[in-house]
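Encoded as C-alpha cells, the structure appears first; notes follow it.
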Amino acid sequence: MPQSKNDVVLEVKDLKMHFPITRGLFRKVVGMVKAVDGISFALKRGETLGLVGESGCGKTTVGRCISRLYQPTSGEIYFKGKNIADVPEKELKPLRRNISMIFQDPYSSLDPRQNAGSIVGEPMVVHRLVKSRDEYKEKVKHLFEIVGLNPELTTRYPHEFSGGQRQRIGIARALAADPDVIICDEPVSALDVSIQAQIINLLMDLKSEGEKRLTYIFIAHDLSVVKHISDRIAVMYLGRIVELTTPRELYNNPLHPYTQALLSAVPVPDPEVEENRERIILEGEVPSPLFPPNGCALHQRCPIATPECSKTVPPLRECSEDHWVACLRI
Amino acid sequence: MADTIANIDQIVQSQSRATVSEWQRFVRTLTQRKVVVFALIIIALTVITAIFAPWLSPYDPNEKNFADSLQQPNRKHWLGTDLLGKDTLSRIIWGARTSLIVGIATCLASAILGSTLGMLAGYMGGVVNTIIMRFMDALMGFPMIVLALLLAGVLGNGMQNVIIALTVANLPGYTRLMCGMTLAVKENDYILAQKAIGSSNLRTLFLHILPNSFQPMIIMISTALGGIILAEAGLSFLGIGLSHEEVTWGGLVASGYSYLSTHPMLAFAPGLCVMLVVFSFNILGDGLRDALDPRLRGVL
Numbered sequence: 005m006p007q008s009k010n011d012v013v014l015e016v017k018d019l020k021m022h023f024p025i026t027r028g029l030f031r032k033v034v035g036m037v038k039a040v041d042g043i044s045f046a047l048k049r050g051e052t053l054g055l056v057g058e059s060g061c062g063k064t065t066v067g068r069c070i071s072r073l074y075q076p077t078s079g080e081i082y083f084k085g086k087n088i089a090d091v092p093e094k095e096l097k098p099l100r101r102n103i104s105m106i107f108q109d110p111y112s113s114l115d116p117r118q119n120a121g122s123i124v125g126e127p128m129v130v131h132r133l134v135k136s137r138d139e140y141k142e143k144v145k146h147l148f149e150i151v152g153l154n155p156e157l158t159t160r161y162p163h164e165f166s167g168g169q170r171q172r173i174g175i176a177r178a179l180a181a182d183p184d185v186i187i188c189d190e191p192v193s194a195l196d197v198s199i200q201a202q203i204i205n206l207l208m209d210l211k212s213e214g215e216k217r218l219t220y221i222f223i224a225h226d227l228s229v230v231k232h233i234s235d236r237i238a239v240m241y242l243g244r245i246v247e248l249t250t251p252r253e254l255y256n257n258p259l260h261p262y263t264q265a266l267l268s269a270v271p272v273p274d275p276e277v278e279e280n281r282e283r284i285i286l287e288g289e290v291p292s293p294l295f296p297p298n299g300c301a302l303h304q305r306c307p308i309a310t311p312e313c314s315k316t317v318p319p320l321r322e323c324s325e326d327h328w329v330a331c332l333r334i
Numbered sequence: 003m004a005d006t007i008a009n010i011d012q013i014v015q016s017q018s019r020a021t022v023s024e025w026q027r028f029v030r031t032l033t034q035r036k037v038v039v040f041a042l043i044i045i046a047l048t049v050i051t052a053i054f055a056p057w058l059s060p061y062d063p064n065e066k067n068f069a070d071s072l073q074q075p076n077r078k079h080w081l082g083t084d085l086l087g088k089d090t091l092s093r094i095i096w097g098a099r100t101s102l103i104v105g106i107a108t109c110l111a112s113a114i115l116g117s118t119l120g121m122l123a124g125y126m127g128g129v130v131n132t133i134i135m136r137f138m139d140a141l142m143g144f145p146m147i148v149l150a151l152l153l154a155g156v157l158g159n160g161m162q163n164v165i166i167a168l169t170v171a172n173l174p175g176y177t178r179l180m181c182g183m184t185l186a187v188k189e190n191d192y193i194l195a196q197k198a199i200g201s202s203n204l205r206t207l208f209l210h211i212l213p214n215s216f217q218p219m220i221i222m223i224s225t226a227l228g229g230i231i232l233a234e235a236g237l238s239f240l241g242i243g244l245s246h247e248e249v250t251w252g253g254l255v256a257s258g259y260s261y262l263s264t265h266p267m268l269a270f271a272p273g274l275c276v277m278l279v280v281f282s283f284n285i286l287g288d289g290l291r292d293a294l295d296p297r298l299r300g301v302l
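Chains as they are written, first to last, in this note's numbering: chain Y, 5 to 334; chain S, 3 to 302.
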C-alpha cells in the first residue's frame with residue numbers, strides 16, 4: 005500500500021525485553037526470562053492492533069515497553085518517526101502525554117484515596133494542560149460525559165463505583181492528556197460479559213467520534229473481543245508474533261498451527277456443533293521463557309513440525325496480502 | 003397524610019446527608035464511639051493542663067517544705083507530698099507539660115524522618131534500600147532504652163538531647179513500617195499508572211504512596227507516644243536525661259515507688275496519668291483510622 009510514511013504513528017522493530025534473574029548477595033545474573041524476543045510491527049494512525057496470546061506470552065510486556073514503563077533490552081520503537089526506545093527516563097514526560105494506558109484491573113488501577121475527579125484530572129495537572137481551576141473542573145466534567153459517567157460524581161471515591169464505572173474512570177484518565185496512542189492492557193478481562201460489551205463499544209465510539217483518530221493497541225486473551233475491535237490482530241507465542249493479519253483473514257484462514265489451535269479452542273454457542281467440532285489440541289505445556297526451545301518455539305508441540313523446525317527460527321513472512329506468518333512449513 | 007410527611011422527612015434527611023461536608027463526616031465518624039470521645043476529653047484535659055500549668059498548680063513543683071514531708075492526701079495537699087515536702091499534684095500538673103512536649107516532639111520527629119527514609123528505601127529499592135535498611139537493622143540491634151541511654155549519655159542532659167536520643171531510638175520502627183508499606187503499595191497498578199501519565203517521583207511518593215501507607219503510621223504514632231513517655235521516664239529514673247529541675251511523670255513514678263507500701267499515691271497518681279494518656283492516644287489512633295479511611299465511608 006502506498007501509504008505515506010507520515011501516516012505510521014508507531015513502528016516497533018525487533019523489540020526485545022529480557023528480564024534478568026539474579027541470585028545471591030551480589031545479584032549475580034543466573035538467567036534471562038525472554039519475555040519479548042524480537043517483535044516488529046507498524047501501526048497507522050487510527051488503527052487498532054489486537055494483541056492476543058495465552059498468559060505469559062509477553063503481551064503485557066510489549067505494551068509496557070511501548071509506553072516505556074519498561075526499558076527494552078534492545079530494538080527500536082519509533083513514535084511519529086522518533087526512536088523512543090533509548091530516551092532516558094528524564095526526557096520521557098512529553099511521551100507520557102502522547103501514549104497513555106488503560107489497565108486490566110479496575111480495582112487496583114485507581115488510587116483508593118483519590119476522588120474520581122482528581123484521578124481523571126491528574127494527567128492535566130502533571131502536564132500543565134489547564135490554566136485555571138475553572139477550566140480544570142470544566143474539562144474533568146467533560147471527560148466524565150465523554151465516557152458516559154455522571155459529571156456530578158467527581159467527588160466520589162473509587163470504591164463507590166462498580167467495576168464497569170471504574171474502568172470508565174480509567175479510560176477518562178487515559179484520554180485526559182489527549183494522547184495519540186492508547187495501550188489497552190486487557191481492559192475488559194476483569195469485567196463481566198455485559199459490561200465488556202459496553203466498554204468495548206465505548207472504546208470504539210471514542211475512536212470514531214474524536215477528531216484526532218486515536219490509535220489503539222488492544223491486548224487481550226479473548227479472541228472474540230479482539231475480533232470485534234481490531235483492524236489487525238497479532239497472535240503471540242512465547243515472546244514472538246506468530247501470525248499478523250486482519251481479523252477476517254485470521255478467523256477464516258488461520259495459517260499458523262498455533263493460531264489454528266487457539267481458534268479451535270473457542271467454544272461455539274450451539275451444543276450440537278460444539279459436540280461434533282474438531283479440536284486441535286496441542287500436546288505438552290508452554291515451554292518456560294527461561295529456556296525457550298531452539299528454532300521455532302512451537303516445534304515440540306506442533307502437529308506439522310519437521311526436524312528443520314528445531315533448528316531455524318522462522319521469520320515473519322508475508323504469505324498473502326497483509327497476512328504475515330512465522331512458520332517454515334507455510 | 004402522616005405517611006406523606008414521613009416520606010418528605012426521609013427525602014429531606016437523605017438530601018441533607020448527601021450534602022454533608024467531608025469535615026462533618028469526619029467529625030461524626032470520630033465521635034460516634036463513646037470511648038473515642040472519652041479519649042479526646044482526656045487528651046484535651048492533659049493538653050490544657052500542660053499549657054496552663056503555671057496557673058493551675060497550687061504550689062511551685064520544686065518548692066521544698068520539710069514541715070510537710072511525706073504527707074498523705076489531705077485538704078492542703080490533695081495528693082500528698084514527697085520526702086522533701088513537694089506537692090504531688092503540682093508536680094503531676096507540671097509533669098504533663100514535660101511528658102507531652104517530649105512525647106509529641108519525639109513522635110513527630112521520628113515519624114517524619116522515619117517515614118521519609120522508609121519511603122525512599124521502599125520506593126527506590128536497590129542500593130538505597132540496602133544502605134538505609136541495614137543501618138536501621140543495626141540500630142534495631144540495640145534495645146530502645148539502651149540506645150537512648152547511650153545517646154543521652156553522649157549528648158548530655160537537657161530536654162532537647164532527650165528528644166534527639168529518643169528520636170534516633172524510635173527511628174527504625176517507623177522506617178521499617180513505612181518501607182514495608184511502600185513496598186506493598188507500590189506494586190499496585192495505580193502507582194504504575196502514575197508513571198504512565200508522567201508523574202514525577204516526588205508526586206507519586208507524596209500524593210499517592212504516602213496517603214495509602216499512612217494508616218498504620220497513625221496507629222503507630224499514637225501507640226509509640228505512650229512508649230516514649232515511658233522511655234523518657236526510664237531515662238529520668240536512671241538519672242540520665244532531664245535535669246532534676248524538670249518534673250516528669252516517669253521521674254515521679256521512679257522516685258515514688260520506694261514508698262509504694264506507705265505512700266502509694268506518690269507513684270500511683272503519676273502512673274495512672276501515664277496509663278490514661280497512653281490509653282487515650284491509642285484509642286484516638288484507632289478512631290482516626292476509622293474516620294480517615296474512605297473505604298469505610300458509608301459503613302461507619
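The beta-carbon is built from N, C-alpha and C at its ideal position, and this holds for glycine as well.
On a predicted model such as this, the values are computed, not experimentally measured, just so you know.
Practice problem: Can you give me the Cβ contacts of Gly168 (chain Y) inside the same chain, cut-off strictly under 7 Å, excluding the 5 residues immediately before and after it? | Solution: Mapped onto the first sequence, residue 168 (chain Y) falls at position 164. Around Gly168 (chain Y): Leu195, Ile199, Gln202, Ile203.
Quiz prompt | Within chain S, partners of Val130 (chain Y) - CB distance below 9 Å | solution = The sequence position of residue 130 (chain Y) within the first sequence is 126, counting from 1. Within 9 Å Cβ-Cβ: Gln196, Ile199, Gly200, Ser201, Ser202, Arg205.
Exercise. Could you say if the region 112 to 126 of chain S and the region 90 to 103 of chain S meet the contact criterion of at least three C-beta pairs nearer than 8 Å?
Key: no
Quiz item: Given 8 Å as the limit, is there contact between the region 280 to 291 of chain S and the region 220 to 227 of chain S, that is, 3 or more CB pairs closer than that?
Solution: yes
Quiz prompt | Lys216 (chain Y) versus Met135 (chain S) - alpha carbon distance | solution = Counting from one through the first sequence, the residue named residue 216 (chain Y) turns up at place 212. Counting from one through the second sequence, the residue named residue 135 (chain S) turns up at place 133. Going from the Cα of Lys216 (chain Y) to the Cα of Met135 (chain S) covers about 49 Å.
Self-check item: Interface positions of the region 90 to 102 of chain Y facing chain S (Cβ-Cβ less than 9 Å), listed along the chain
Solution: Leu96, Lys97, Pro98, Leu99, Arg100, Arg101
Quiz item: With 16 other CB atoms within 10 Å as the buried threshold, where does Met277 (chain S) fall?
Solution: Within the second sequence, the letter at position 275 stands for residue 277 (chain S). So Met277 (chain S) counts as exposed.
Quiz item: If you draw a straight line from the alpha carbon of Phe216 (chain S) to that of Ser112 (chain S), how long is it in whole angstroms?
Solution: Reading the second sequence from its first residue, position 214 is the one you call residue 216 (chain S). Reading the second sequence from its first residue, position 110 is the one you call residue 112 (chain S). About 14 Å.
Quiz item: Secondary structure at Cys306 (chain Y), three-state DSSP: helix, strand or coil?
Solution: As a working note, residue 306 (chain Y) is residue 302 in the first sequence. DSSP places Cys306 (chain Y) in coil when its eight states are reduced to three.
Practice problem: Could you pull out every residue in the same chain whose Cβ sits closer than 8 Å to the Cβ of Val38 (chain S), ignoring the five residues on either side in sequence? | Solution: Counting from 1 along the second sequence, the entry for residue 38 (chain S) is found at position 36. Cβ within range, chain order: Leu32, Ile285, Leu286, Asp288, Gly289.
Quiz prompt | Length at least 3, wholly inside the region 187 to 242 of chain S: the beta strand (DSSP E) runs in chain order | solution = none
Quiz item: Pick from Y:Leu96, Y:Glu282, Y:Lys63: whose alpha carbon is nearest that of Arg72 (chain Y)?
Solution: Here residue 72 (chain Y) is taken as the residue at index 68 of the first sequence, counted from 1. Nearest C-alpha to Arg72 (chain Y): Y:Leu96.
Quiz prompt | Residues in the region 250 to 265 of chain S having any Cβ partner in chain Y nearer than 7 Å | solution = none
Quiz item: List, in order along the chain, the chain Y residues whose C-beta lies closer than 7 Å to that of Asn190 (chain S)?
Solution: Residue mapping note: residue 190 (chain S) aligns to position 188 of the second sequence, counting from 1. Chain Y residues near Asn190 (chain S): Ser112.
Quiz item: Given that a residue counts as buried once 16 or more other Cβ atoms are within 10 Å of its Cβ, and exposed if not, what is His146 (chain Y)?
Solution: Your numbering for residue 146 (chain Y) matches position 142 in the first sequence. It counts as exposed.
Exercise. Go ahead and label Asn280 (chain Y) buried or exposed: buried means 16 or more other beta carbons lie within 10 angstroms of its beta carbon, across all protein chains shown.
Key: Against the first sequence, residue 280 (chain Y) aligns to sequence position 276. By the neighbour-count rule (16 or more Cβ atoms within 10 Å), Asn280 (chain Y) is not buried but exposed.
Exercise. Could you check if Lys188 (chain S) is buried or exposed, using at least 16 other CB atoms within 10 Å of its CB as the buried criterion?
Key: As a first step, residue 188 (chain S) is located in the second sequence; it is residue number 186 there, counting from the start. Buried is the call here.
Quiz item: Any Cβ of chain Y within less than 8 Å of the Cβ of Gln17 (chain S)?
Solution: Taking the first residue of the second sequence as position 1, residue 17 (chain S) is located at position 15. A caution first: Gln17 (chain S) carries a pLDDT of 44, below 50, which makes its placement in the model unreliable, though a value can still be read off. Chain Y, which has no Cβ nearer than 8 Å to the Cβ of Gln17 (chain S), makes this no.
Quiz prompt | Top-ranked residue by Cα proximity to Gly158 (chain S), from S:Leu237, S:Arg291, S:Leu81 | solution = What you label residue 158 (chain S) is simply residue 156 of the second sequence in a count that begins at 1. Closest by alpha carbon: S:Leu237.
Quiz item: Quick one: is Val148 (chain S) buried, meaning 16 or more other Cβ sit within 10 Å of its Cβ, or exposed?
Solution: In the second sequence, residue 148 (chain S) corresponds to position 146, counting from 1. Val148 (chain S) is exposed by the Cβ-count criterion.
Quiz prompt | Alpha carbon of Gln196 (chain S) to alpha carbon of Leu99 (chain Y), nearest angstrom | solution = Stepping through the second sequence from its first residue, residue 196 (chain S) is reached at position 194. Stepping through the first sequence from its first residue, residue 99 (chain Y) is reached at position 95. If I take the Cα positions, the gap works out to 14 Å.
Quiz prompt | Unbroken beta strand (DSSP E) run spanning Gly167 (chain Y), endpoints | solution = Counting from 1 along the first sequence, the entry for residue 167 (chain Y) is found at position 163. Not the beta strand (DSSP E): Gly167 (chain Y) falls in the alpha helix (DSSP H), residues 167 to 180.
Practice problem: Return the bridge partner residues of Val40 (chain Y) from the DSSP annotation. | Solution: Numbered from its first residue, the first sequence carries residue 40 (chain Y) at position 36. Y:Met21, per the DSSP bridge assignment.
Quiz item: Assuming Arg101 (chain Y) and Ala39 (chain Y) make a contact with CB atoms under 8 Å, what is their CB distance in whole Å?
Solution: Here residue 101 (chain Y) refers to the residue found at position 97 of the first sequence. Here residue 39 (chain Y) refers to the residue found at position 35 of the first sequence. About 26 Å; that fails the 8 Å criterion.
Practice problem: State the beta-bridge partners of Asp189 (chain Y) as determined by DSSP. | Solution: Here residue 189 (chain Y) refers to the residue found at position 185 when the first sequence is read from its first residue. For Asp189 (chain Y), which the question treats as bridged, DSSP gives the partners Y:Ile223.
Quiz item: Using the beta-carbon of each residue, which ones in chain S are nearer than 7 Å to Leu73 (chain Y)?
Solution: Your numbering for residue 73 (chain Y) matches position 69 in the first sequence. Those within 7 Å of Leu73 (chain Y) in chain S are Leu194, Lys197, Ala198.
Self-check item: Closer than 8 Å to chain S by CB, Pro191 (chain Y)
Solution: Here residue 191 (chain Y) refers to the residue found at position 187 of the first sequence. Cβ-Cβ to chain S under 8 Å: no for Pro191 (chain Y).
Practice problem: Report yes if the C-beta distance between Val280 (chain S) and Ile231 (chain S) is below 8 Å; otherwise report no. | Solution: In the second sequence, counting from the first residue as 1, residue 280 (chain S) sits at position 278. In the second sequence, counting from the first residue as 1, residue 231 (chain S) sits at position 229. Yes. Within cutoff.
Self-check item: Range covered by the alpha helix (DSSP H) that runs through Trp328 (chain Y)
Solution: Translated into the one-based positions of the first sequence, residue 328 (chain Y) becomes position 324. Trp328 (chain Y) -> not in any alpha helix (DSSP H); beta strand (DSSP E) instead, spanning 327 to 329.
Self-check item: Cutoff 8 Å: Leu302 (chain S) Cβ touching any chain Y Cβ
Solution: Reading the second sequence from its first residue, position 300 is the one you call residue 302 (chain S). Low per-residue confidence applies at Leu302 (chain S): pLDDT is 49, beneath 50, and the placement is therefore not dependable enough to give any value.
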